[in-house]
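Its first residue numbered 1, the sequence shown is counted upward by one per residue in the working numbering.
A virtual CB, placed ideally from N, CA and C, is assigned to each residue, including glycine.
Structure record follows, encoded as structure tokens.
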Amino acid sequence: MEDHVSQYGIIGNPLKHSLSPLMHNAAFKALDVEAIYNLFPLEEHELDDFFANLHESTSPIFGFNVTVPYKEKVLKYLDTLSPLVEKVGAVNTVVINKERKLVGYNTDSPGFMIHLSELRVETSDKRIAVLGAGGSAKAILATLCMIPERPEYIKIYNRTAERSEKLLKELGSRINMDIVESVMSVDDLELRDTDLLINTTSMGLNEEDPCLIEEDLLHPDLFVYDLIYNPKETLLLRMAREQGARTSNGLGMLFYQGVLAFQHWAQVELDDEVKQIMREALEGGLQP
Ligand SMILES: NC(=O)c1ccc[n+]([C@@H]2O[C@H](COP(=O)([O-])OP(=O)(O)OC[C@H]3O[C@@H](n4cnc5c(N)ncnc54)[C@H](OP(=O)(O)O)[C@@H]3O)[C@@H](O)[C@H]2O)c1
1 MEDHVSQYGI IGNPLKHSLS PLMHNAAFKA LDVEAIYNLF PLEEHELDDF
51 FANLHESTSP IFGFNVTVPY KEKVLKYLDT LSPLVEKVGA VNTVVINKER
101 KLVGYNTDSP GFMIHLSELR VETSDKRIAV LGAGGSAKAI LATLCMIPER
151 PEYIKIYNRT AERSEKLLKE LGSRINMDIV ESVMSVDDLE LRDTDLLINT
201 TSMGLNEEDP CLIEEDLLHP DLFVYDLIYN PKETLLLRMA REQGARTSNG
251 LGMLFYQGVL AFQHWAQVEL DDEVKQIMRE ALEGGLQP
């Protein structure tokens, strides 16, 4: 039986805490589809072999997600890039089509925007601060600069300033980034005048991580979005909540990027019932 099961999955490293299999396998089950979503943990030197052998398996792979640290490194293996990937320069979803061609998509950017919209967080003419300049910051900055509801400005702070400068330069070669400024310290983010603070760093993944932001800079007019979803409430989110700010973790972004990825693979729009099953599967995978 196993031979006829279509395979999907995720490549990255490390993967052992990934919640994606829960969400996608729940959807396959709900739709009564004979398919499985597996973890494919890969070292960088194994990427060449993974792509060379993609079509060999007796259980062919029809699509996969890409996560840290390979969202940019996989670009060179793909046959076609979506227009959004051309702009963002990062892929998190690969579709293997009927001709066995590899098509790269980015569902992180729209996943983030759909979640913001669900939370009724507006971006138009808002003052936004971003912490971090890694892969997820790239997807978020790119999308915030491309949407019609453009913020008034975005200030970005990263521990390693060269990385944020490099990120802005790279994205700026493809996207109008004139509203974005890289700042040298957290103070320069001017959080008291900020509407939306987005944490894209991995600070907070460990419960004992300190917070990059002083508590007294957080205020009730601020919305704080932390991409981290496990733990459910980082120290940043807890302090923000205690200061009266509205907050959200990143589980909704993970959910929506997953829904969009699934729709690319299945070429169907998922109905609300299946989406709810996926969301509950994700929530069930979180530590209490
Ligand atoms: N909710 C979702 O769907 C979703 C999607 C993607 C990512 N995420 C989460 O977002 C986080 C970042 O992911 P990523 O892909 O952007 O990772 P990444 O490319 O590795 O970037 C990590 C970022 O965190 C910063 N950082 C790490 N340790 C730090 C420290 N001790 N102090 C200050 N800054 C520190 C790095 O700064 P330097 O440049 O100075 O090293 C960099 O800006 C992860 O926690 C990930 O789980 C969530």
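In terms of residue numbering, what span does the beta strand (DSSP E) encompassing residue i cover?
i: T247; result: 246–248
i: A133; result: Segment: none, A133 is in no beta strand (DSSP E) and carries neither H nor E.
i: I175; result: Segment: none, I175 is in no beta strand (DSSP E) and carries neither H nor E.
i: G7; result: The question names Gly, yet the displayed sequence has Gln at residue 7. Note, Q7: beta strand (DSSP E), 6–12.
i: S182; result: 180–183
i: K155; result: 153–157
i: N230; result: No beta strand (DSSP E) holds N230; DSSP gives it neither H nor E.
i: P197; result: Sequence inspection shows Leu at residue 197; the Pro mentioned does not correspond to that position. Per DSSP, L197 belongs to the beta strand (DSSP E) from 196–199.
i: L189; result: Looking at the DSSP string, L189 is not in any beta strand (DSSP E), and its letter there is neither H nor E.
i: V121; result: Neither: V121 is in no beta strand (DSSP E) and is coded neither H nor E.
i: G104; result: 102–105
Give the single residue among the options whose Cα lies nearest to the Cα of residue i.
i: L197; options: R241, G172, V94; result: R241
i: V33; options: E43, H219, S6; result: S6
i: V88; options: W265, I175, S202; result: I175
i: T143; options: N158, L119, I114; result: I114
i: D125; options: P148, N199, H45, E207; result: P148
i: T200; options: G258, I128, D188, M146; result: I128
i: I10; options: E122, V74, E56, G284; result: V74
i: L344; options: L222, Y105, I36; result: Nothing about residue 344 can be reported from this structure: the residues present for the chain run from 1 to 288 only.
i: Y8; options: I36, G284, P83; result: I36
i: G91; options: S18, K98, V68; result: With the sequence shown as reference, residue 91 is identified as Val, and Gly is not the correct amino acid for it. The shortest Cα separation from V91 among S18, K98, V68 belongs to V68.
i: L292; options: T58, F50, E56; result: The displayed coordinates of the chain run from 1 to 288. Any statement about residue 292 would go beyond what the structure contains.
i: H55; options: T123, S20, E99; result: E99
i: L131; options: N97, D272, M184, E122; result: M184
i: I228; options: G250, G111, D209; result: G250
i: L254; options: E170, L222, P14, H24; result: H24
Would you give the residue range spanned by the alpha helix (DSSP H) that residue i belongs to?
i: S256; result: The sequence shown places Tyr at residue 256, rather than the Ser named in the question. Counting along the chain, the alpha helix (DSSP H) containing Y256 begins and ends at 251–266.
i: I277; result: 272–284
i: G111; result: 108–118
i: M242; result: For the record, residue 242 in the displayed sequence is Glu; it is not Met. Per DSSP, E242 belongs to the alpha helix (DSSP H) from 235–242.
### Message
Count Cβ pairs between the region 169–184 and the region 151–159 that sit closer than 8 Å; are there 3 or more?
### Response
They touch, by the three-pair rule.
### Query
What are the uninterrupted segments assigned as beta strand (DSSP E) that are 3 or more residues long and contained completely in the region 19–100, given in chain order?
Note on the region 19–100: whole beta strand (DSSP E) runs with a minimum of 3 residues are 35–41, 61–66, 93–96, in chain order.
### Query
Can you find at least 3 beta carbon pairs, one from the region 227–237 and one from the region 156–166, that sit closer than 8 Å?
no
### Query
Would the region 53–67 and the region 261–274 be scored as touching if the rule is three or more Cβ pairs under 8 Å?
yes
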